[in-house]
Amino acid sequence: MPVEAATQSTSEQPGLGLAASAFLFFVFGSCACLMFLYWCYGPVLNRHTMHQQQLHRQLQLQRQQRNLLRHLRLQLQQMRDDMPPMGPDGAALGRLDCDGLPDFPQSHDALASQWQGQSSWNPDPDHEDPGAVLDNLAKMLNHLQAVENVTSTTTVTTVTMTTETATSQTRTTFTSTQTGTGTTKTTSRTSSTLTSTTTSISTVTFTTTLTTTTLTITTTTPTTTTTMTATTRTTTIPWTPTSKYAYVMMAHDDVPGSFEHLWGALALVRMLQRLSRYPIVLLTNSTHLPDGKDLATTLQGMNVHILPVRRVDMPKHYSVPQHDRWQVAFWKLQIWALTMFTKLIWLDSDSLISRSIDWLFQRPGMWAQRDDWTCQLKQPNVCSGIFLLYPSLEDFQGLLAYAEELTELPNGDQQLIAQYFTIKRQRAINLLSDVDAAFGQCLGKTPTPYLNHDKSPVWGFWSVPAFVHKSGGWQNANIPAYSNVCFSINMMRQRYLQGNLTINICHYHPLGAYWRNHFCEAAWQLHISLPEVAYFCTDSCWYLGKSIKAADSGGSSDMCSPLSTTINYQTYNAKTLGLPIPEVSRQVR
2 MPVEAATQST SEQPGLGLAA SAFLFFVFGS CACLMFLYWC YGPVLNRHTM HQQQLHRQLQ
62 LQRQQRNLLR HLRLQLQQMR DDMPPMGPDG AALGRLDCDG LPDFPQSHDA LASQWQGQSS
122 WNPDPDHEDP GAVLDNLAKM LNHLQAVENV TSTTTVTTVT MTTETATSQT RTTFTSTQTG
182 TGTTKTTSRT SSTLTSTTTS ISTVTFTTTL TTTTLTITTT TPTTTTTMTA TTRTTTIPWT
242 PTSKYAYVMM AHDDVPGSFE HLWGALALVR MLQRLSRYPI VLLTNSTHLP DGKDLATTLQ
302 GMNVHILPVR RVDMPKHYSV PQHDRWQVAF WKLQIWALTM FTKLIWLDSD SLISRSIDWL
362 FQRPGMWAQR DDWTCQLKQP NVCSGIFLLY PSLEDFQGLL AYAEELTELP NGDQQLIAQY
422 FTIKRQRAIN LLSDVDAAFG QCLGKTPTPY LNHDKSPVWG FWSVPAFVHK SGGWQNANIP
482 AYSNVCFSIN MMRQRYLQGN LTINICHYHP LGAYWRNHFC EAAWQLHISL PEVAYFCTDS
542 CWYLGKSIKA ADSGGSSDMC SPLSTTINYQ TYNAKTLGLP IPEVSRQVR
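One gets my numbering by counting positions in the sequence shown from 1 and adding 1 to each.
Shown next, in the form of structure tokens:
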């Protein structure tokens, strides 16, 4: 047995040796292969890793640059908003220091604190003009406009690295080129244009033009310089509103140099900007503000989209003389062609909004103001000063065709709208409550919703309508000169001579200062520097009648006539008749 065991163990040793030799050969061979592969491809892997790290840093720098540019844009916009234009007497335009109101809107308190306690804004002549600094900064930001490219398919990235060695500095330049297919989106929009398929209003298309933009951003660090270049192509895409609901109004001024309806629309825009979350569409024949600013570009920041107003002719067979004053109002029929929206709320530009009316979008059917000029309340007729509608090309064409069928139309567009939907479409128009929409001369006549426990009205003025159509005025007549004296910047219509004193009658109107404050805030945001706007928005002129010399007349005429801040009790108790200043001038002639 021992001899056999020794023989068996001796015979197994060669087999174990071969297995161990094979294992060791495999291990050393694998190590040799790995070393050979590392020797051959290690530098490539290192370069690829380094490239990836550099690309990662490059993307971080790009994000930092974009964040910096966004921050600079926000700071620039805030600085522009918080720097009011100068009034003619040196006071800041649009200062709202009356009735306990803050000097500036609450959204700008951070920078408005710089102006508190100052009666006027007087730039230091020894320092650079802030306006010039802002303009220069704006030009720099325009050159550094960030372009965000989004590629929808596979992207191939090619990285080339070159290293230059200097005596005391090493500079590494990385050039990244991305190629691929797909659509490219960009945030740099330059203009908006309106196109129509035919000369008549049948369809309206919004388009946004994106121009070719080349972006070059260079960021320098102590050891690395990174240069990045991106180019976008020019393309035109249809503009789709982000909301299916919108407010729409019209500002058409056919008298050269007159912007009365545009000013009314700007005041409404500012009110909607504060009270609503929906966009605004403005139909207008103006392309520029009086000081030369492009109207469409300027109003973009106020959530306003500009469309050119189109002429819609009334049928020529009408013979009633009143038709002439309904000509422009008839043009509002074109809002039924704005079919990119599901619902629209039409607002006349000679009106005011005192509280939010967004709830109107949620009501089914069509709604309109009551036609109640004489304040009888709960009247059954339609007034189109405010109107909730459903855009439809069928209804637009139907309204025009129905207008041809009628022999006369003495009440203009509102009569046509009411009869068409009631008779032709069998869809009655709902009428808003007098506490939600009323004429300005009816203020105080609407029953108040604010009641005591015994159902008696709470004393005071608690029934201001949400929508106030015109302010009213002298003679209680619906004539352009005096039907809307307080929702206007024409101070001559607001001055009323009673006895030997002249007062601003809009100081006595509950909404006179409210309309003025919103208009002046809009003018302030848009940096409108027109003289008549500056005079109207200067508190010392509107409230106190402080004499201000007109700069454009060589200081020879007073633009603000003296005012009395109270009335003469003797003439008041005697109910002495007075006259607006323009009427006094006519009597003198």
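Built from N, CA and C at the ideal position, the CB exists for glycine as well.
Stretch-stretch touch, CB-based, cutoff 8 angstroms, three pairs: the segment 393-411 with the segment 462-480: The way I'd put it, the segment 393-411 doesn't touch the segment 462-480; fewer than three beta-carbon pairs between them come closer than 8 angstroms.
Ser352, enclosing beta strand (DSSP E) - first and last residue: Residues 352-354.
Spatial neighbours of Gly18 in its chain, beta-carbon cut-off 6 angstroms, leaving aside the 5 residues before and after: Excluding sequence neighbours, Gly18 sits near nothing in its chain.
Cβ-Cβ distance between Phe331 and Asp414 below 8 angstroms: The answer is yes: Cβ separation under 8 angstroms.
Coarse secondary structure for Arg428, derived from DSSP in three states: Coil.
Buried/exposed call for Tyr421, threshold 16 Cβ in 10 Å: Note on Tyr421: 16 or more other CB atoms within 10 angstroms of its CB, so buried under the neighbour-count rule.
Those residues which DSSP pairs with His648 across a bridge: Here the chain covers residues 2 to 590 and nothing more, so residue 648 does not appear.
Nearest-angstrom Cβ-Cβ length linking Val249 and Asn286, presumed shorter than 8 angstroms: With a Cβ gap of about 15 angstroms, Val249 and Asn286 do not count as contacting.
Supposed contact pair Gly579 and Gln476 - C-beta distance, whole angstroms, cut 8 angstroms: With a contact defined as Cβ atoms closer than 8 angstroms, Gln476 and Gly579 miss out at about 12 angstroms.
Cβ contact (3+ pairs, closer than 8 angstroms) linking the segment 334-345 and the segment 371-385: As far as the Cβ criterion goes, the segment 334-345 does not touch the segment 371-385, which means the pair count is below three.
Rounded C-alpha distance that separates Ile471 from Gly386: The question names Ile, yet the displayed sequence has Lys at residue 471. Distance between the alpha carbons of Lys471 and Gly386 is about 9 angstroms.
Rounded straight-line distance, which links the Cα of Lys456 to that of Cys561: When rounded, the distance between both Cα atoms is 47 angstroms.
Sub-8 angstroms separation of Leu339 and Pro280 beta-carbons: No, Cβ-Cβ distance for Leu339 and Pro280 is not below 8 angstroms.
Distance between Arg494 and Ile568 (C-alpha atoms, nearest Å): Rounded to the nearest whole angstrom, the C-alpha separation of Ile568 and Arg494 is 18 angstroms.
Collapsed DSSP secondary structure at Leu345 in the structure displayed: Strand, per DSSP.
Three-way DSSP call (helix, strand, coil) for Trp460 in this model: Of the three classes helix, strand and coil, the one that applies to Trp460 here is coil, per DSSP.
Whether Pro450 touches Val436 by CB criterion (8 angstroms): Contact annotation: Pro450 and Val436 have beta-carbon atoms nearer than 8 angstroms.
Distance, Gln53 Cα to Leu267 Cα: Roughly 53 angstroms between the two C-alpha positions.
Backbone secondary structure at Trp337 - three-state DSSP: In the three-state reduction of the DSSP assignment, Trp337 falls in the helix class, which pools H, G and I.
Per-residue burial, Asp351 [other beta carbons within 10 Å of its own, 16 or more giving buried]: A residue is called buried once 16 or more other Cβ atoms fall within 10 Å of its Cβ, and Asp351 is buried on that count.
Any beta strand (DSSP E) of 3 or more consecutive residues that is wholly inside the segment 291-315: Runs found: 305-309.
Buried versus exposed, by CB contacts within 10 Å (16 or more), Arg64: So Arg64 ends up on the exposed side.
Ranges of the alpha helix (DSSP H) found wholly within the segment 377-459, counting only runs of at least 4: Listed in chain order, the complete alpha helix (DSSP H) runs (minimum 4 residues) inside the segment 377-459 are 394-406, 413-420.
Buried versus exposed call for Ile430 [16 or more other C-beta atoms within 10 Å across all chains shown]: Its Cβ being crowded by 16 or more others within 10 Å, Ile430 is buried.
CB contact flag (Ser355, Ala467, <8 angstroms): Between Ser355 and Ala467, the CB-CB gap stays under 8 angstroms.
Buried/exposed call for Gln61, threshold 16 Cβ in 10 Å: Exposed.
Assigned secondary structure, Leu19 (DSSP; H/G/I helix, E/B strand, else coil): It is helical.
Chain-order list of residues whose beta-carbon lies under 7 angstroms from that of Pro448 (same chain, five-residue window excluded): Excluding sequence neighbours, Pro448 sits near Ser464.
Test item: CB-CB of Leu283 and Ala247 under 8 angstroms: Not in contact: Leu283 and Ala247 (Cβ atoms no closer than 8 angstroms).
C-alpha gap between Tyr403 and Ile358, whole angstroms: Approximately 31 angstroms, taken between the alpha carbons.
Whole-Å CB distance - Gly473 paired with Gln442, under 8 angstroms assumed: Indeed, because the Cβ distance is near 3 angstroms, the residues count as touching under 8 angstroms.
Integer-rounded CB distance, given that Trp337 should sit under 8 angstroms from Leu400: Between the beta-carbon of Leu400 and that of Trp337 there is about 7 angstroms, and that keeps the pair under the 8 angstroms contact cut.
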